[in-house]
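According to the numbering used here, the sequence shown holds residues 109 to 495 in order. Note that beta-carbon positions come from the ideal geometry of N, C-alpha and C, so glycine has one too.
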Amino acid sequence: MISKKNLTNYWFTIEPYVYICITDNCILLYNTLDGVFIESDKIKVIELLREIVQEENCGVVLLTNEQFKQKEINDFIRELRGKYMGDVIDVDLSKGKPVQLLPFFNLSGDIRALCKKHNFASGKKILEFLSEISIYVDHSTNITNLIPFLQSLPGNLTINVVGNLENVVDYVELLSFLDQLPSSKNLICPCTNVISLQPTFENNFSYSVLVHFPVDMLQLGHSRQLLLNQTLPIEYVFEVSSLDDCQQAKQLVEQFGIEKYQLKPIYTGDNIDFFEENVFLTKEDILSTSMSIEDFFANQAMNIYDFWKVNVMPNGDIYANVNHLALGNICTHSIHEIIYKEVEEGKSWLRIRNQAPCSTCIYQWFCPPPSDYEIIIGRLDLCHVKQ
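So, in structure tokens, the structure goes:
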């Protein structure tokens, strides 16, 4: 309970584990320890928070007795203290201005400068950060060109092989090479194109089986039995574009005893209603996800879906995201050149919510970075939040 006696002034502080968002007409404080938050559209509260987030104030500002008595400020401070997100201290009880360092994001959204500073793209250090490569294969894939490129990559990254391997000439040679690597290897293919790996290949391989609707039950049953005869990890990915697909997927999970699976929404161009109902986020969805200070900073700096990942197409072209322009080709560019180009001028790794309408939204950094859905659908705000 805040004392009612006639004190002079106060030091107003915010705890360092509280993340503060401010727009022109609203503030939001989020307690990263327990997910509790405070929202306010009161002008005086917004002004007070704008002052406290100035770096030179070190998370502490002077609150005069006159300010403290104002109802908007007093109600806000009561709620703040009740949720353990801040406090007020009588200036007479302090020998000087306290210091309460708030976390600040110093890159200002420009991680390119950091990459240049450490010379990541031109040295070996860049390979320590590359985390995943997806190799798309078909009948045009040239294993002779692909393997030397893979040999230039670090041995601890995740490798996805996407497509029908049986259409690839000398695909066994590729699997033999991959089998020697300590990396995690994941075969991503339709249920109609599952191949047997064991007993020949079994070093850190797993399956991601794509199931598209309508389902060929005969093929699904055949591939399921083929996979059960092996001991490798399996995940089923049901590509759903309607509620009916979702219901069928649940029935198939029960019918075939599938333990690990996910539903992956597919945009067809005419099922936006399905996305609005099942994919678009509500305010409750956004605030229900537990966030750390590091999570907020990551969302301001990079795209967690694309960052430090590359994709190699059957013709050897390399992309950071297949929906953007190619960065080069495995036959003419090294991995260092590819990384350097993405850091310098790419649009994938650093694609964040810094454009309208997200740039003026109080939940801007609560939402994950833009995904492929935003590109395919053609809008950034896949949510039900009203600005």
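What does the alpha-carbon distance come out to for the pair residue i and residue j?
| i | j | result |
| --- | --- | --- |
| I438 | E392 | 45 Å |
| K112 | N411 | Bear in mind that a pLDDT of 47 at K112, under 50, signals an unreliable position, so the number given afterwards is only what the model happens to contain. Cα to Cα, the separation comes out at about 49 Å. |
| V196 | E123 | 11 Å |
| A229 | P211 | A caution first: A229 carries a pLDDT of 48, below 50, which makes its placement in the model unreliable, though a value can still be read off. One C-alpha to the other measures close to 29 Å. |
| H295 | S314 | Rather than His, the amino acid found at residue 295 in this sequence is Leu. If I take the Cα positions, the gap works out to 6 Å. |
| N423 | I447 | 19 Å |
| V144 | Q333 | 48 Å |
| K293 | L286 | 8 Å |
| G217 | Q306 | With a pLDDT of only 42 at G217, under the threshold of 50, the placement of this residue in the model should not be trusted; the figure read from the coordinates follows. Distance between the alpha carbons of G217 and Q306 is about 46 Å. |
| G486 | L141 | 35 Å |
| Q363 | Q338 | 20 Å |
| P465 | V493 | 11 Å |
| I460 | F404 | 12 Å |
| E452 | T308 | 42 Å |
| C491 | N253 | 43 Å |
| N139 | E147 | 12 Å |
| N462 | I470 | 12 Å |
| E367 | L156 | 52 Å |
| F184 | L336 | 59 Å |
| D352 | F321 | 10 Å |
| Y125 | I401 | 7 Å |
| P298 | Q327 | 10 Å |
| N386 | C354 | 11 Å |
| K358 | G329 | 16 Å |
| M399 | Y369 | 25 Å |
| E384 | T390 | 10 Å |
| T376 | G190 | 48 Å |
| C475 | D489 | 10 Å |
| L273 | F382 | 33 Å |
| M325 | Q356 | 12 Å |
Residue i and residue j: beta carbons closer than 7 Å?
| i | j | result |
| --- | --- | --- |
| L371 | F388 | no |
| N407 | W473 | yes |
| L433 | I426 | no |
| S331 | V302 | yes |
| Y344 | V323 | no |
| V245 | V276 | yes |
| G194 | T249 | no |
| S260 | I443 | yes |
| V153 | E174 | no |
| V269 | I243 | yes |
| K455 | E240 | no |
| V169 | E159 | yes |
My output table needs one value for residue i: the three-state DSSP class, helix, strand or coil.
| i | result |
| --- | --- |
| H330 | helix |
| L156 | helix |
| N407 | helix |
| F285 | helix |
| C82 | For the chain, the structure presents residues 109 to 495; residue 82 sits outside this window and is missing. |
| F237 | coil |
| H444 | helix |
| D200 | helix |
| D378 | coil |
| L340 | coil |
| F313 | strand |
| S398 | coil |
| K150 | coil |
| A229 | Confidence at A229 is low in this model, with a pLDDT of 48, below 50, so the placement of that residue should be treated as unreliable; the coordinate-derived value is given next. In this structure, A229 counts as helix in the three-state DSSP scheme. |
| Y427 | strand |
| I255 | helix |
| Y279 | helix |
| G217 | Its pLDDT being 42, under 50, G217 is placed unreliably by the model, and nothing is read from it. |
| K391 | helix |
| T300 | helix |
Kindly give me the distance between the Cβ atoms of residue i and residue j, rounded to whole angstroms, as I take these residues to be in contact under 8 Å.
| i | j | result |
| --- | --- | --- |
| T172 | N133 | In fact, because the Cβ distance is near 24 Å, the residues do not count as touching under 8 Å. |
| G271 | L289 | That belief does not hold up - the Cβ atoms of G271 and L289 are roughly 19 Å apart, past 8 Å. |
| Y413 | P477 | 6 Å |
| N431 | I483 | 5 Å |
| T397 | T131 | Actually they are not in contact, since the Cβ atoms of T397 and T131 sit about 20 Å apart, beyond 8 Å. |
| K267 | S304 | Strictly speaking, residue 267 in this sequence is Ile, with Lys absent from that position. With a Cβ gap of about 19 Å, I267 and S304 do not count as contacting. |
| V199 | W119 | 6 Å |
So the candidates are the options; which of them puts its Cα closest to the Cα of residue i?
| i | options | result |
| --- | --- | --- |
| S349 | Q327, L328, N379 and N337 | N379 |
| L265 | N312, S442 and K205 | N312 |
| K572 | Y375, R189, I443 and L136 | Absent from the model: residue 572. The displayed extent of the chain is 109 to 495, so no value can be given. |
| T300 | V319, N386 and S398 | V319 |
| Q90 | I185, F184, T376 and I128 | The displayed coordinates of the chain run from 109 to 495. Any statement about residue 90 would go beyond what the structure contains. |
| F237 | C475, C354, G190 and F415 | F415 |
| E164 | L209, I366, C297 and D353 | L209 |
| N429 | G377, S479, N386 and F382 | S479 |
| M421 | F257, K177 and N462 | F257 |
| D278 | H247, C297 and V126 | H247 |
| C166 | K449, K205, E445 and L340 | K205 |
Can residue i be considered in contact with the ligand MN, in the sense that its beta carbon sits closer than 6 Å to one or more heavy atoms?
| i | result |
| --- | --- |
| D195 | The model depicted lacks the ligand MN and carries no ligand whatsoever. |
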